[in-house]
Amino acid sequence: MESLTPRRLGCTEEKVFGNGLSQASGSVVMRVSPVSRVAGVLVLMFCSLTALWSQGGASAAERHLFEAANRERRAQELPALKWSPALASAARAHAKEMARHNEVSHRLPGEPALPARVTRAGAHFQWLSENVVQARTAAEAHSEFVKSPTHRANLLDRDMNVVGIGVAIKGNQLFVVEDFAQAK
Numbered sequence: 007m008e009s010l011t012p013r014r015l016g017c018t019e020e021k022v023f024g025n026g027l028s029q030a031s032g033s034v035v036m037r038v039s040p041v042s043r044v045a046g047v048l049v050l051m052f053c054s055l056t057a058l059w060s061q062g063g064a065s066a067a068e069r070h071l072f073e074a075a076n077r078e079r080r081a082q083e084l085p086a087l088k089w090s091p092a093l094a095s096a097a098r099a100h101a102k103e104m105a106r107h108n109e110v111s112h113r114l115p116g117e118p119a120l121p122a123r124v125t126r127a128g129a130h131f132q133w134l135s136e137n138v139v140q141a142r143t144a145a146e147a148h149s150e151f152v153k154s155p156t157h158r159a160n161l162l163d164r165d166m167n168v169v170g171i172g173v174a175i176k177g178n179q180l181f182v183v184e185d186f187a188q189a190k
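Mapping of the sequence shown onto my numbering: position 1 corresponds to residue 7, and the numbering continues sequentially without gaps.
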């Protein structure tokens, strides 16, 4: 199991809006309760996930890892990660290479480095990190990530807002790649 710590490839700071929205010239202010916000976010996440999964975009193991990652983040009061098809494409390709070589590594012989892999897959990012592991199940892979301080730091990095997960199977083993990014 390896972890690549966040690589800062540039830095932008994003401002988050408060609990009120107002129109430019008027006195119309809409206040949204925290419960309503959470409910709205859950509805949007469900709709997004339903659309993604119905398109066959992710395997059951990838879905499990994505949901587990966001449960872990919610438990720490961090925003949920959004699914990135481009990062998932890069993660799947790397997971397949790890399975082919029967090796867990961030960079295999003849393979470009992480930033080049995700850029080639179409991802646009400010910061980037990666978790890789070999495990028997998706639940075991997630457990290994959470137990490792560096993997957990990647998973819970407040600056990361998108993820792509790739899983390749060889025999009874899963080769798992989680690519995290702060999207541009």
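We put the beta carbon where it would ideally sit given N, CA and C, even for glycine.
The alpha helix (DSSP H) runs of length 4 or more contained entirely in the region 75-107 are, from start to end of the chain, 91-107.
Residue 135 carries a strand assignment under DSSP once its states are collapsed to helix, strand and coil.
Residue 109 sits exposed, since fewer than 16 C-beta atoms from the chains shown fall within 10 Å of its C-beta.
Of the residues 130, 67 and 152, the one whose Cα lies closest to the Cα of residue 162 is 152. A distance below 8 angstroms between beta-carbons, with the five flanking residues on each side excluded, links residue 166 to the following residues of its chain, in chain order: 12, 87, 133, 135, 160, 186, 187 and 188. The three-state secondary structure of residue 182, taken from DSSP, is strand. Assignment of residue 159 by DSSP, reduced to helix, strand and coil, places it in the helix class. In the same chain as residue 114, and ignoring 5 residues on each side of it, the C-beta atoms closer than 6 angstroms to its own belong to 103 and 107, in chain order. Annotation for residue 168: the continuous beta strand (DSSP E) segment containing it runs 168-176. According to DSSP, residue 187 shares a beta bridge with 134 and 168.
The Cβ atoms of residue 95 and residue 177 lie no closer than 8 angstroms to each other.
At the C-beta level, residue 147 and residue 105 stay beyond 8 angstroms of one another. Your pair residue 182 and residue 139 checks out as a contact, with CB atoms roughly 5 angstroms apart and the cut at 8 angstroms. In the structure shown, residue 144 falls within a helical segment according to DSSP collapsed to helix, strand and coil.
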